[in-house]
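If you read the sequence shown in full-length UniProt numbering, its first letter stands for residue 1, the second for the next number, and so on. Glycine included, C-beta positions come from ideal geometry on N, C-alpha and C.
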Amino acid sequence: MISDQPRKVLVIGGGPAGASNAIMLARLGCHVTLAERKQFPRSKACGCCLNAKGLHSLETLAIRQTVVDLGLATDRWIASFDSHLVEAKIPQGLAISRESLDPVLIERAVELGVEVSMNTSGRILGQDDRGVDVQLKHQSSITSSRFDIAVIASGLSSGGFNDILPWIEAPHGPFGVSCTIATDSIESGAIYMACGDDGYVGLVRLDERRVDVAAALRSGNQSQTLGDPVQRMQQLVQRSAFDVTNWDQVHSVVTTPPMRRTRVSGNGRIIAIGDAAGYVEPFTGEGMSWALASGIEAANLIASTADPTTLGPQWNANLNRLLNRRRQMCKVITTSLHHKIGRRLFASLAATCPSLVTRVANSLVA
Numbered sequence: 001m002i003s004d005q006p007r008k009v010l011v012i013g014g015g016p017a018g019a020s021n022a023i024m025l026a027r028l029g030c031h032v033t034l035a036e037r038k039q040f041p042r043s044k045a046c047g048c049c050l051n052a053k054g055l056h057s058l059e060t061l062a063i064r065q066t067v068v069d070l071g072l073a074t075d076r077w078i079a080s081f082d083s084h085l086v087e088a089k090i091p092q093g094l095a096i097s098r099e100s101l102d103p104v105l106i107e108r109a110v111e112l113g114v115e116v117s118m119n120t121s122g123r124i125l126g127q128d129d130r131g132v133d134v135q136l137k138h139q140s141s142i143t144s145s146r147f148d149i150a151v152i153a154s155g156l157s158s159g160g161f162n163d164i165l166p167w168i169e170a171p172h173g174p175f176g177v178s179c180t181i182a183t184d185s186i187e188s189g190a191i192y193m194a195c196g197d198d199g200y201v202g203l204v205r206l207d208e209r210r211v212d213v214a215a216a217l218r219s220g221n222q223s224q225t226l227g228d229p230v231q232r233m234q235q236l237v238q239r240s241a242f243d244v245t246n247w248d249q250v251h252s253v254v255t256t257p258p259m260r261r262t263r264v265s266g267n268g269r270i271i272a273i274g275d276a277a278g279y280v281e282p283f284t285g286e287g288m289s290w291a292l293a294s295g296i297e298a299a300n301l302i303a304s305t306a307d308p309t310t311l312g313p314q315w316n317a318n319l320n321r322l323l324n325r326r327r328q329m330c331k332v333i334t335t336s337l338h339h340k341i342g343r344r345l346f347a348s349l350a351a352t353c354p355s356l357v358t359r360v361a362n363s364l365v366a
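Shown next as structure tokens:
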């Protein structure tokens with residue numbers, strides 16, 4: 001810590017980004033309050049995969065083995081581009097539900113002295129040279145507090161902070177949807193991905209009973225005529241090369257607003273991390289892994305910055321360095337997957353040069 005006094009930091013949001021940030025801040029000597037508007041465990045629209053980078057972040061947080069014991073290892077990527085099947089080996093990752101992962105992160109934060117307040121929303125009132133004024137609402141109780149720094153980690157629902165951290169690229173493009181189903185057709189250890197005109201859907205086994213299904217689907221009035229989100233996911237899989245039967249016991253259906261977005265991620269003493277800082281619909285474990293990495297990186301910056309009023313521009317630069325190349329790669333690939341020509345080209349390249357698919361997959365998940 002640069003200052004003799006521990007910095008008071010508020011983290012708004014208790015998902016992977018916010019919780020990892022709070023854990024690291026506490027380890028670095030900060031006084032941390034974490035406000036999460038939901039009660040855990042809770043269902044989230046999520047692909048439920050961590051890649052190799054995500055596992056490394058868990059090691060940094062000293063919870064890797066605890067999390068690994070709750071999930072299933074993944075080491076294969078199987079994709080269907082319309083009727084063309086492509087398979088690649090990938091570095092070992094992990095399939096784990098948010099209902100399992102999130103409480104482990106929060107428990108670790110509490111162990112380190114983080115003041116965690118569930119069912120609590122945070123509203124930033126303003127900032128000056130001395131701190132950030134925040135209003136915290138817990139049920140019917142409202143309190144006002146001042147913090148040295150505020151970290152926004154409230155995911156895709158972070159639109160309420162636009163006046164402080166404006167959009168560079170407003171939310172648009174595909175929306176997300178996820179659920180769990182019971183089927184014997186999905187093997188453990190593989191991440192399945194079915195691509196078609198309506199978007200793409202990923203499937204991964206979470207345990208003996210449940211398979212997580214998560215998709216990025218086209219938005220717009222015309223797309224709504226194709227059915228409800230679960231029907232559209234099922235149609236994509238039915239038209240693929242996968243033989244997935246028994247879509248039984250559909251549970252925990254969650255949707256998101258349009259996902260593609262970019263914002264100014266730092267302003268003075270206030271920064272945004274994880275999905276709150278911007279989003280390209282990722283796959284093969286990019287989303288949660290991005291969140292964990294940005295939470296850790298932000299904590300290191302907060303603890304080492306001599307002047308908190310300069311935190312914002314420093315974080316803008318750091319986040320671009322940390323994630324920009326990987327985001328751009330995901331954006332090119334996911335945009336291509338929404339077009340038939342792009343899917344055919346990718347399938348053709350995979351057939352003639354399978355090592356290329358492996359290199360692309362490895363570059364995303366390494």
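Test item: CB-CB of L165 and D198 under 7 Å: Taking the sequence shown and counting its residues from 1, one reaches residue 165 at position 165. Taking the sequence shown and counting its residues from 1, one reaches residue 198 at position 198. Against a cut-off of 7 Å, the Cβ pair of D198 and L165 comes out as no contact.
May I have the straight-line CA-CA distance separating P6 from S223, to the nearest angstrom? Residue mapping note: residue 6 aligns to position 6 of the sequence shown, counting from 1. Residue mapping note: residue 223 aligns to position 223 of the sequence shown, counting from 1. Whole-angstrom Cα-Cα distance: 52 Å.
Around the Cβ of D148, are there at least 16 other Cβ atoms within 10 angstroms (buried) or fewer (exposed)? To locate residue 148, count along the sequence shown from 1; it is residue 148. Looking at its Cβ environment, which holds 16 or more other Cβ atoms inside 10 Å, D148 is buried.
In three-state terms, what does DSSP make of Q238? Residue numbering aside, residue 238 sits at position 238 when the sequence shown is read from its first letter. When secondary structure is reduced to three states using DSSP, Q238 falls in the helix class.
Where I152 and S145 are concerned, what is the direct C-alpha to C-alpha distance, given to the nearest angstrom? To locate residue 152, count along the sequence shown from 1; it is residue 152. To locate residue 145, count along the sequence shown from 1; it is residue 145. Their Cα atoms are separated by approximately 16 Å.
Using only alpha-carbon positions, find the residue among V264, D248, T180, P41 that is nearest to I168. The residue you call residue 168 lines up with position 168 of the sequence shown. Residue V264 is the option with its Cα nearest to I168.
Between S185, G227, L217, which lies nearest to D243 when the distance is taken from Cα to Cα? Indexing the sequence shown from 1 puts residue 243 at position 243. Among S185, G227, L217, the Cα nearest to that of D243 is on S185.
Could you check if T143 is buried or exposed, using at least 16 other CB atoms within 10 Å of its CB as the buried criterion? Along the sequence shown, read from residue 1 onward, the residue named residue 143 stands at position 143. Exposed: under 16 other Cβ atoms inside 10 Å.
Length of the line joining the Cα atoms of A88 and N324: Start at 1 with the first residue of the sequence shown, and residue 88 comes out as number 88. Start at 1 with the first residue of the sequence shown, and residue 324 comes out as number 324. Cα to Cα, A88 sits roughly 24 Å from N324.
Coil, strand or helix - S20 by DSSP: Numbered from 1 along the sequence shown, position 20 holds the residue referred to as residue 20. Reduced to three states, the DSSP call for S20 is helix.
Output the distance between the C-alpha atoms of A276 and P258, rounded to the nearest integer angstrom. Counting from 1 along the sequence shown, the entry for residue 276 is found at position 276. Counting from 1 along the sequence shown, the entry for residue 258 is found at position 258. C-alpha separation (whole angstroms): 13 Å.
Reduced DSSP secondary structure (H/G/I, E/B, other) of R37: Along the sequence shown, one-based indexing puts residue 37 at 37. Note: R37 maps to coil in three-state DSSP.
Is Q139 near the ligand FMN - that is, is its Cβ less than 6 Å away from at least one heavy atom of it? Ligands are entirely absent from the displayed structure, and the ligand FMN is therefore not among its contents.
When you compare only the Cα positions, how much space is there between I273 and L322? Taking the first residue of the sequence shown as 1, we reach residue 273 at position 273. Taking the first residue of the sequence shown as 1, we reach residue 322 at position 322. Between I273 and L322, the alpha-carbon positions lie close to 12 Å from each other.
D248, DSSP secondary structure in three states: Looking up residue 248 in the sequence shown gives position 248. Strand, per DSSP.
Grab me the residues of D248's own chain with a C-beta within less than 8 Å of its C-beta, minus the 5 sequence neighbours each way, in chain order. Residue 248 sits at position 248 when you count from the first residue of the sequence shown. Counting only Cβ-Cβ distances below 8 Å, and skipping sequence neighbours, we find I181, A182, T183.
So what does DSSP say about G342, is it helix, strand or coil? Numbered from its first residue, the sequence shown carries residue 342 at position 342. DSSP places G342 in helix when its eight states are reduced to three.
For H251 and C179, I'd like the C-alpha separation in whole angstroms. Working through the sequence shown from its first residue, we reach residue 251 at position 251. Working through the sequence shown from its first residue, we reach residue 179 at position 179. Taking the straight line joining both Cα atoms gives about 6 Å.
Classify K53: buried if its beta carbon has 16 or more other beta carbons within 10 angstroms, exposed otherwise. Position 53 of the sequence shown, counted from the first residue, corresponds to residue 53. Looking at its Cβ environment, which holds 16 or more other Cβ atoms inside 10 Å, K53 is buried.
Would the beta-carbon of A22 fall within 7 Å of that of A109? Here residue 22 refers to the residue found at position 22 of the sequence shown. Here residue 109 refers to the residue found at position 109 of the sequence shown. Yes, the pair counts as a contact, with Cβ atoms nearer than the cut-off.
Straight-line gap, S336 to N119 (C-alpha atoms, nearest Å): Taking the first residue of the sequence shown as 1, we reach residue 336 at position 336. Taking the first residue of the sequence shown as 1, we reach residue 119 at position 119. Near 40 Å, if we compare the C-alpha coordinates of N119 and S336.
Can you give the Cα-Cα distance for L206 and G126, rounded to whole angstroms? Numbered from its first residue, the sequence shown carries residue 206 at position 206. Numbered from its first residue, the sequence shown carries residue 126 at position 126. Distance between the alpha carbons of L206 and G126: 42 Å.
Quick one: Cα of G131 to Cα of R326, how far? Here residue 131 refers to the residue found at position 131 of the sequence shown. Here residue 326 refers to the residue found at position 326 of the sequence shown. In a straight line, the C-alpha of G131 is about 33 Å away from that of R326.
Given a threshold of 16 other Cβ atoms within 10 Å of its Cβ, counted over all protein chains shown, does G338 qualify as buried or as exposed? Taking the sequence shown and counting its residues from 1, the one referred to as residue 338 is at position 338. A small fix is needed here, since residue 338 is His in this sequence, not Gly. Flag for H338 reads buried.
Within 10 Å of its beta-carbon, does N318 have 16 or more other beta-carbons around it, so buried, or fewer, so exposed? As a first step, residue 318 must be located in the sequence shown, where it is residue number 318. Answer is buried; the Cβ neighbour count reaches 16.
Look at the Cβ atom of D212, then the Cβ atom of C48, and state whether they are nearer than 7 Å. Locating residue 212 in the sequence shown gives position 212, counting from the first residue. Locating residue 48 in the sequence shown gives position 48, counting from the first residue. Against a cut-off of 7 Å, the Cβ pair of C48 and D212 comes out as a contact.
By how many angstroms is the C-alpha of M329 removed from the C-alpha of residue 422? Residue 422 lies beyond the stretch modelled for the chain, which goes from 1 to 366, so this question has no answer here.
Please tell me whether G122 and L112 are closer than 7 Å, where the distance is taken between their beta carbons. On the sequence shown, position 122 is the one that residue 122 refers to. On the sequence shown, position 112 is the one that residue 112 refers to. No, they are not a contact pair.
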